[in-house]
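Enquirer:
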Amino acid sequence: EDLTRNAGKHAGGVVIAPEPLSSFCPLFAEHDGHGAGRNPVTQFDKDDVEAIGLVKFDFLGLRTLTIIDWAVKAINARRARGAAGLDIAALPLDDKPTYELFARGDTIAVFQFESRGMRELLRRAQPDRFEDLIALVSLFRPGPMDLIPDFIERKHGRAEVRYPHKLLEPILAPTYGVVVYQEQVMQTAQVLAGYSLGGADLLRRAMGKKKVEEMAKERAKFEAGALETHGIPPRESGPIFDLLEKFAGYGFNKSHAAAYALVSYQTAWLKAHHPAEFMAAVLSSDMDNTDKVVGFLDEARAMDLVVLPPDVNASTYMFEAIDLAPAEGGGARGTVRYGLGAVKGVGRGACEAIVGERERGGAFADLLDFCKRVDSTKLNKRALEALVNAGALDALGRNRASLMLQLPEVLKVTDQLAREREAGQVSLFGGGGGGGAAPELRIELPQADEWPLLQRLQGERETLGHYLSGHPFDPYREDLRALLGHDLGDLDRIWAARPQEERRGWRQETPVVVAGQVIGMRKRGDSQAFVQLDDGRGRIECAFFAEAWNECAPLLTRDRILLVEGGLREDEFSGGFSLRARRAWDYVQACPGHAQRLSVQLDLREDAALERFLDALRGHEGATPLLVEAITGQAKGRLSINGGRGVRADAALPGLLRALPGVRAVRLHLARPWG
19 EDLTRNAGKH
29 AGGVVIAPEP
39 LSSFCPLFAE
49 HDGHGAGRNP
59 VTQFDKDDVE
69 AIGLVKFDFL
79 GLRTLTIIDW
89 AVKAINARRA
99 RGAAGLDIAA
109 LPLDDKPTYE
119 LFARGDTIAV
129 FQFESRGMRE
139 LLRRAQPDRF
149 EDLIALVSLF
159 RPGPMDLIPD
169 FIERKHGRAE
179 VRYPHKLLEP
189 ILAPTYGVVV
199 YQEQVMQTAQ
209 VLAGYSLGGA
219 DLLRRAMGKK
229 KVEEMAKERA
239 KFEAGALETH
249 GIPPRESGPI
259 FDLLEKFAGY
269 GFNKSHAAAY
279 ALVSYQTAWL
289 KAHHPAEFMA
299 AVLSSDMDNT
309 DKVVGFLDEA
319 RAMDLVVLPP
329 DVNASTYMFE
339 AIDLAPAEGG
349 GARGTVRYGL
359 GAVKGVGRGA
369 CEAIVGERER
379 GGAFADLLDF
389 CKRVDSTKLN
399 KRALEALVNA
409 GALDALGRNR
419 ASLMLQLPEV
429 LKVTDQLARE
439 REAGQVSLFG
449 GGGGGGAAPE
459 LRIELPQADE
469 WPLLQRLQGE
479 RETLGHYLSG
489 HPFDPYREDL
499 RALLGHDLGD
509 LDRIWAARPQ
519 EERRGWRQET
529 PVVVAGQVIG
539 MRKRGDSQAF
549 VQLDDGRGRI
559 ECAFFAEAWN
569 ECAPLLTRDR
579 ILLVEGGLRE
589 DEFSGGFSLR
599 ARRAWDYVQA
609 CPGHAQRLSV
619 QLDLREDAAL
629 ERFLDALRGH
639 EGATPLLVEA
649 ITGQAKGRLS
659 INGGRGVRAD
669 AALPGLLRAL
679 PGVRAVRLHL
689 ARPWG
């Protein structure tokens, strides 16, 4: 019926007038559910608002500006006293290391340039000046992407730079003769056909709307103006008008692109010159988004930064760049300390209470000292358990199992102390009088053997959203890498090395077998499933369709270690890779049946090495041949055990043996399940 169905609101649109808006247009007030009106908006849409003479601004709040601000403040705080502070607005726009970073495509966490497609474009375009960045921001969108090959070939001199008319060279030279910006459309009309800039803007709008009658009028005006201004006949100016009309719909606003490119350049400069402060700010900005934190942590490690775990004796609320020499465990390019605010279940108030007390009274000695000193109203049992599981209290006890065992008794004592303080009583543990200070409270803190690896890692996943000190895939990593020759962190290399015939067409696949732990699955109907695999070095989504789904469905359960054979392809949506699965195997189930030999190097000079080795093999008797290379002083000897006196080579056995004192190397030789 063409009637208004609902009231919509622009996310960033702000209308500005010289007097109260109600003097110019009707307003609409939303309600907050309690009857109170808030956030008045105009009842006119954007076109009607402009028609009555008001100005509409679109204010964008960019998280990246906060990241830059945090990074600059951290850099200036760490600079030597008296040194000039960094002024991010005064950066020279010709910094060579920054353009080298762009040209490598090393732009994860760099504003506007972090998608896989954009990183590939950077490697092809090799930008070396600020104008190139503005152009790439503008071109990397549906429609203008068709112009990218011409832009790159002309930039590198592999194609001739041609201009529709010699008068347009000053306008189109920065983009090598390619019409990229709306401003270039306007300038062309101004220079070639004598338009005013206001008239040129109306032409640009008309071209964008593609109204036939309006365009016919503008064409006549353009051709007449070109003839009158420069004597250019319609047979020459007409094709130029057609060219402008074609690109006006694609054209990007250069002033907008330049502003974005400047922010991109600033973030790239920070990444190139101050990587630790930059990545700490990036991680802090997305502390609540686990997937992003995991990706940024991987990038930080790829940049040769060391990321230290959360620690109540060292961490602040946010991620922080710290000064730590390589000999002390720091990174060659910098060190980042995990922020306490990234631990799930620990609120900002608790984090600030911990940091405040540490700054007042020094480092915490043990769990009892920690719980006595930190305000118990800010730190409950759930938060303490989260800190234990995250590893943030590792410095306060023998291990996490001991800390969790101590927690009930410590909380009982500190609760009693808190009640006594509130009641004004003398502590049962304190002195009887004399006005002196009460003796320091001491209780016996019980100890326990550390949890198994999987239990520790599970605690980290629950509190940090990912594994920090290791990965459940680690016990199998060496054997699977020997079998496959790669891990999920090598997918870029595998894709780049694929045969030439597989590179034709964006939908092409390259055959590959990958391994990883199932960390998630989503089903679509009864015949499709999308499974996420993770191996601690990378992630990939595997798509199971039709027959592959029907055959493999029983294997696709969370936390299972899978081998998946399929076709690797670039994912056009995420910018990463995906795999079209054909077959899959459970590694734990497949291992005993495909094990050909287990080789162990054992140093018998280690105390009780042989006894512990034999103890570990009990219960693993089977038919897989066992080859033991024994080291005794100056000599080495080999013992091969075959037949029924060998071992049952289950998937966990190599990891179990590697943890033994005296075991120098373990190699499980496997036949390929996929033939």
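Using the numbering used here, you'd call the opening residue of the sequence shown number 19 and step up by one each time. C-beta atoms are modelled at their ideal positions from N, C-alpha and C, and glycine is treated no differently.
Per DSSP, which residues does Asp621 bridge with? Please list them.
Expert: According to DSSP, which records beta bridges pairwise, Asp621 is partnered with Ile649.
Enquirer: Span of the alpha helix (DSSP H) holding Val428?
Expert: Per DSSP, Val428 belongs to the alpha helix (DSSP H) from 418–441.
Enquirer: Starting from Gln546 and walking both ways along the beta strand (DSSP E), at which residues does that stretch end?
Expert: Unbroken beta strand (DSSP E) run through Gln546: 546–552.
Enquirer: By Cβ distance, which residues of its chain are closer than 8 Å to Leu425, with the 5 residues on each side in sequence left out?
Expert: Around Leu425: Leu385, Lys399, Leu402, Glu403, Val406.
Enquirer: With 16 as the cutoff for other CB atoms within 10 Å, does Val230 come out buried or exposed?
Expert: Exposed, since its Cβ has fewer than 16 Cβ neighbours within 10 Å.
Enquirer: Near Ala290, what residues of its chain come up, given a Cβ to Cβ distance below 6 Å and the 5 sequence neighbours on each side ignored?
Expert: Here the set comprises Pro115, Thr116, Leu119.
Enquirer: From this set, Asn57, Ala25, Pro327, which residue's C-alpha is nearest Leu39's C-alpha?
Expert: For the residues Asn57, Ala25, Pro327, the minimum Cα distance to Leu39 belongs to Asn57.
Enquirer: Assess contact between the region 473–490 and the region 593–607, defined as three or more Cβ pairs (one per stretch) separated by less than 8 Å. Is contact present?
Expert: Not touching, per the Cβ criterion.
Enquirer: Work out the CA separation of Asp168 and Phe131 for me, nearest whole Å.
Expert: Whole-angstrom Cα-Cα distance: 20 Å.
Enquirer: Answer with buried or exposed for Ile70, where buried requires no fewer than 16 other C-beta atoms within 10 angstroms of its C-beta.
Expert: Exposed.
Enquirer: Going by C-alpha to C-alpha distance, which of Leu671, Glu624, Arg656, Asp625 sits closest to Ala634?
Expert: Out of Leu671, Glu624, Arg656, Asp625, Leu671 has the C-alpha closest to the C-alpha of Ala634.
Enquirer: Taking only the alpha-carbon atoms, compute the straight-line gap between Gly449 and Ala466 and give it to the nearest angstrom.
Expert: Residue confidence is low: Gly449 scores 47 on pLDDT, short of 50, so the model does not pin down where it sits. Its coordinate-derived value is still stated next. About 32 Å.
Enquirer: Is it a yes or a no for the region 535–542 touching the region 550–559, going by three-plus beta-carbon pairs under 8 Å?
Expert: Enough Cβ pairs lie closer than 8 Å, so yes.
Enquirer: Is Gln202 helix, strand or coil by DSSP?
Expert: Of the three classes helix, strand and coil, the one that applies to Gln202 here is helix, per DSSP.
Enquirer: What separation, rounded to the nearest whole angstrom, lies between the Cα atoms of Tyr356 and Val373?
Expert: Those two C-alpha atoms are separated by around 13 Å.
Enquirer: Cutting at 7 Å between CB atoms, please list the residues of its own chain near Lys396, excluding the five before and the five after it.
Expert: Counting only Cβ-Cβ distances below 7 Å, and skipping sequence neighbours, we find Gly367, Ala368, Ala371.
Enquirer: Contact criterion: CB-CB distance below 9 Å. Does Val392 meet it with respect to chain B?
Expert: Looking for chain B here will not work: only one protein chain is present.
Enquirer: Specify the secondary structure class of His612 as computed by DSSP and reduced to three states.
Expert: The answer is helix: DSSP assigns His612 an H, G or I state.
Enquirer: So, using beta-carbon positions, are Phe42 and Ala25 closer together than 9 Å?
Expert: No, they are not a contact pair.
Enquirer: Give the list of continuous alpha helix (DSSP H) stretches no shorter than 4 residues that lie fully inside the region 47–112.
Expert: Listed in chain order, the complete alpha helix (DSSP H) runs (minimum 4 residues) inside the region 47–112 are 64–69, 81–96.
Enquirer: Which residues bound the alpha helix (DSSP H) around Met539?
Expert: Met539 -> not in any alpha helix (DSSP H); beta strand (DSSP E) instead, spanning 528–542.
Enquirer: Could you give the first and the last residue of the continuous alpha helix (DSSP H) run that contains Phe120?
Expert: Per DSSP, Phe120 belongs to the alpha helix (DSSP H) from 114–122.
Enquirer: CB-CB under 8 Å to Leu323, same chain, minus the five flanking residues each way: which ones, in chain order?
Expert: Cβ neighbours of Leu323 beyond the five flanking positions: Pro293, Ala294, Met297, Gly349, Arg351, Gly352, Thr353, Val354.
Enquirer: Give the DSSP bridge partners of Arg391, in chain order.
Expert: Note: Arg391 sits in no beta bridge, so no partner.
Enquirer: Look up Glu639 in the DSSP assignment and say whether it is helix, strand or coil.
Expert: Correct three-state label for Glu639: strand.
Enquirer: Roughly how many whole angstroms lie between the Cα atoms of Tyr641 and Asp510?
Expert: Looking at the sequence itself, residue 641 is Ala, so the reference to Tyr does not match. Cα-Cα distance, rounded: 39 Å.
Enquirer: Any idea what DSSP makes of Phe129, helix, strand or coil?
Expert: Here Phe129 sits in coil by DSSP.
Enquirer: So the beta strand (DSSP E) Thr353 belongs to, where does it begin and stop?
Expert: 353–355 is the span of the beta strand (DSSP E), which, as asked, contains Thr353.
Enquirer: Whole angstroms is fine: what's the gap from Arg378's alpha carbon to Val618's?
Expert: Rounded to the nearest angstrom, the two C-alpha atoms are 53 Å apart.
Enquirer: Does the distance from the C-beta atom of Ala29 to that of Val73 stay below 9 Å?
Expert: For Ala29 and Val73, no; Cβs fall outside 9 Å.
Enquirer: Is it true that the CB of Leu421 sits closer than 9 Å to the CB of Leu411?
Expert: Cβ atoms of Leu411 and Leu421: closer than 9 Å.
Enquirer: Could you name each continuous alpha helix (DSSP H) segment of 4 residues or more that falls completely within the region 454–519, going from the start of the chain to the end?
Expert: Here the runs fully enclosed are 471–482, 492–502, 509–514.
Enquirer: On the DSSP bridge assignment, give the partners of Leu397 in chain order.
Expert: Beta-bridge pairing links Leu397 to no other residue.
Enquirer: Buried or exposed for Asp66, going by 16 or more other Cβ atoms inside 10 Å?
Expert: Asp66 is exposed by the Cβ-count criterion.
Enquirer: Per DSSP, what kind of secondary structure is Arg578 in: helix, strand or coil?
Expert: Note: Arg578 maps to coil in three-state DSSP.
Enquirer: DSSP three-state label for Ile659, please.
Expert: Strand.
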